[in-house]
Amino acid sequence: MVSRASLRVGLECFARQRLRSLRSASSSTVTESLVSWEYDIGSKLGIIVLNSPSTLNALTVEMGKEFKSLVSHVNEQLSSDLNVNAIILTGAGDRAFSAGGNFEWLRGLKDNNVSYNADAMLSFYKSFLCIRQLPVPVIAAMKGPAVGAGAGLALACDMRVSSKGPARLGLNFTRLGIHSGMGTSHLLEVALGGRSSLVNELLLTGKMLDGEEAFEVGLLNRLVDDKTMVLDEATSLAAQIAQQNPFAVRSMTQTLRRKQDDGLEACLQREAYAQALCYSRDDWGEGLDAVVERRDPTFDDYHQYKKTE
5 MVSRASLRVG LECFARQRLR SLRSASSSTV TESLVSWEYD IGSKLGIIVL
55 NSPSTLNALT VEMGKEFKSL VSHVNEQLSS DLNVNAIILT GAGDRAFSAG
105 GNFEWLRGLK DNNVSYNADA MLSFYKSFLC IRQLPVPVIA AMKGPAVGAG
155 AGLALACDMR VSSKGPARLG LNFTRLGIHS GMGTSHLLEV ALGGRSSLVN
205 ELLLTGKMLD GEEAFEVGLL NRLVDDKTMV LDEATSLAAQ IAQQNPFAVR
255 SMTQTLRRKQ DDGLEACLQR EAYAQALCYS RDDWGEGLDA VVERRDPTFD
305 DYHQYKKTE
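Residue 5 is where the sequence shown starts when you use the working numbering, and the numbers rise one by one after that.
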């Protein structure tokens with residue numbers, strides 16, 4: 005008779021081999037889809053890949069549309085006859101989980117009025133945060149940095165795995181010249197267990213957390229020594245979940261998210277409007293330029309804001 009320990013080891017090895025092949029495929033040079041989905045019946049694990057390594061998996065409107073459509077498709081599969089008990093979300097390549105919003109698109113928002121941008125941002129957030137509608141746990145495998153909206157997407161996952169090293173989680177909204185978005189002001193507080201003083205510091209200073217810092221404050225569930233180990237560690241965690249009773253896992257996931265998502269919709273509405281106001285300022289774009297030019301930004305004083313919709 006096969007022992008439970010042997011079964012666990014076999015399951016994890018099988019899953020790692022499968023997901024390692026998906027990792028290699030995800031780093032190929034050209035693919036048509038900006039988001040991909042694969043699953044393995046044997047291990048009962050699935051993986052969603054943000055597939056734009058040339059842009060550091062930056063989040064765009066086009067990717068958001070594909071992401072939302074794919075999540076809807078996965079939901080249909082999981083609601084019918086697909087027995088997948090945990091899903092890993094990762095970014096193609098090993099340079100970034102996601103660098104956040106695409107700079108070119110963000111610059112162009114300056115030409116729109118406030119109400120248009122507020123609606124656009126809310127739609128943008130929801131196209132990615134639909135990840136929380138999946139009925140099974142989602143684990144973010146962060147082989148590289150998750151920055152800005154990319155950090156928001158990572159925080160929207162139920163668990164996170166990353167590696168030691170600099171700039172693993174970047175909450176740099178204020179350094180870019182905007183209010184936080186992608187639900188970060190809500191999801192960060194949830195992830196930190198309501199530690200509002202730490203939430204305030206991270207969001208107001210635009211701090212970039214290294215792997216050790218993110219793990220110490222509780223934003224990561226697992227921390228490994230090297231980014232090449234992240235996907236294996238995420239797979240190991242997912243495999244532990246996949247061995248549990250699937251109905252219990254799904255129902256528990258729904259219970260946990262129901263409490264965690266209380267207030268999220270109001271947060272998204274507030275963030276979308278606040279970001280839209282920031283895009284209308286005369287100095288919008290200075291923070292983006294500073295990042296590209298690797299310098300500190302120089303923003304206008306608060307009362308230089310005179311633009312109206």
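The beta-carbon is built from N, C-alpha and C at its ideal position, and this holds for glycine as well.
Every value quoted in this text rests on a predicted model; they were computed, and no experiment measured them.
Under 6 Å Cβ to Cβ from residue i, same chain only, skipping five residues before and after it: list those, please.
i: Ala171; result: Pro149 and Met212
i: Ala218; result: Arg172, Leu173 and Leu224
i: Met5; result: The pLDDT assigned to Met5 is 39, lower than 50, so where the model puts this residue is not dependable; a value taken from the coordinates is nonetheless given after this. Closer than 6 Å at the Cβ level, and outside the excluded window around Met5, lies no residue.
i: Thr188; result: Gly156
i: Ser270; result: The residue you asked about is not Ser; residue 270 is Ala in the sequence shown. Cβ within range, chain order: n/a, list empty.
Residues bridged to residue i by DSSP?
i: Ala153; result: Paired residue(s): none; Ala153 is not in a bridge.
i: Asp315; result: With the chain running from 5 to 313 in the structure shown, residue 315 is simply not present.
Within a Cβ cutoff of 7 Å, which residues of the same chain sit near residue i, ignoring the five residues on either side of it in sequence?
i: Ala153; result: Leu63, Gly104, Gly105, Gly185 and Met186
i: Thr35; result: For Thr35, the predicted structure reports a pLDDT of 48, less than 50, and the residue's modelled location is therefore unreliable. A value from the coordinates is still provided. Contacts found: Asn55.
i: Gly4; result: The displayed coordinates of the chain run from 5 to 313. Any statement about residue 4 would go beyond what the structure contains.
To the nearest angstrom, how far is the alpha carbon of residue i from that of residue j?
i: His307; j: Arg99; result: 39 Å
i: Asn55; j: Asp229; result: 24 Å
i: Pro250; j: Val88; result: 9 Å
i: Ser127; j: Asn117; result: 16 Å
i: Asp162; j: Val142; result: 5 Å
i: Ala195; j: Gly291; result: 27 Å
i: Tyr129; j: Ala276; result: 8 Å
i: Val53; j: Gln279; result: 27 Å
i: Ser32; j: Asp304; result: Since pLDDT at Ser32 reaches only 37, below the 50 mark, its modelled position is unreliable, and the value read off the structure follows with that caveat. The straight-line gap from Cα to Cα measures roughly 43 Å.
i: Asp44; j: Ile51; result: 9 Å
i: Leu272; j: Asp236; result: 33 Å
i: Val221; j: Gly289; result: 31 Å
i: Leu138; j: Thr259; result: 13 Å
i: Asn49; j: Glu70; result: With the sequence shown as reference, residue 49 is identified as Leu, and Asn is not the correct amino acid for it. Each residue's alpha carbon lies about 21 Å from the other.
i: Ser102; j: Val151; result: 6 Å
i: Asp265; j: Ala124; result: 21 Å
i: Leu165; j: Ala252; result: It should be noted that the sequence gives Val, not Leu, for residue 165. Going from the Cα of Val165 to the Cα of Ala252 covers about 23 Å.
i: Thr257; j: Val39; result: 24 Å
i: Ala96; j: Asn61; result: 7 Å
i: Ala29; j: Met146; result: Residue placement at Ala29 is poorly supported in this model, since its pLDDT is 41, which falls under 50; the coordinates still yield a value, given next. Near 17 Å, if we compare the C-alpha coordinates of Met146 and Ala29.
May I ask which residues mark the beginning and end of the beta strand (DSSP E) holding residue i?
i: Gly95; result: Ala90 to Gly95
i: Ala145; result: Val142 to Ala145
i: Arg164; result: Met163 to Ser167
Over what stretch of residues does the alpha helix (DSSP H) that includes residue i continue unbroken?
i: Val228; result: Per DSSP, Val228 belongs to no alpha helix (DSSP H); it is in the beta strand (DSSP E), Arg226 to Val228.
i: Arg136; result: It is not in any alpha helix (DSSP H) - Arg136 carries neither H nor E in the DSSP assignment.
i: Ser240; result: Val234 to Ala246
i: Ser200; result: Ser200 to Thr209
i: Tyr306; result: No alpha helix (DSSP H) contains Tyr306, which DSSP labels as neither H nor E.
i: Asn87; result: Where Asn87 is concerned, there is no enclosing alpha helix (DSSP H), given that its DSSP letter is neither H nor E.
i: Phe219; result: Gly215 to Glu220
i: Leu281; result: Leu268 to Tyr283
Measuring CB to CB, does residue i end up less than 8 Å from residue j?
i: Pro301; j: Arg136; result: no
i: Gly68; j: Ser119; result: no
i: Arg254; j: Val140; result: yes
i: Leu241; j: Leu207; result: no
i: Ala238; j: Ile91; result: no
Whose C-beta lies closer than 8 Å to the C-beta of residue i among residues of the same chain, with five residues either side of it excluded?
i: Glu193; result: Arg199, Ser200 and Val203
i: Glu216; result: Lys168 and Leu227
i: Met233; result: Ser167
i: Asp287; result: Gly181, Phe303, Asp304 and Gln308
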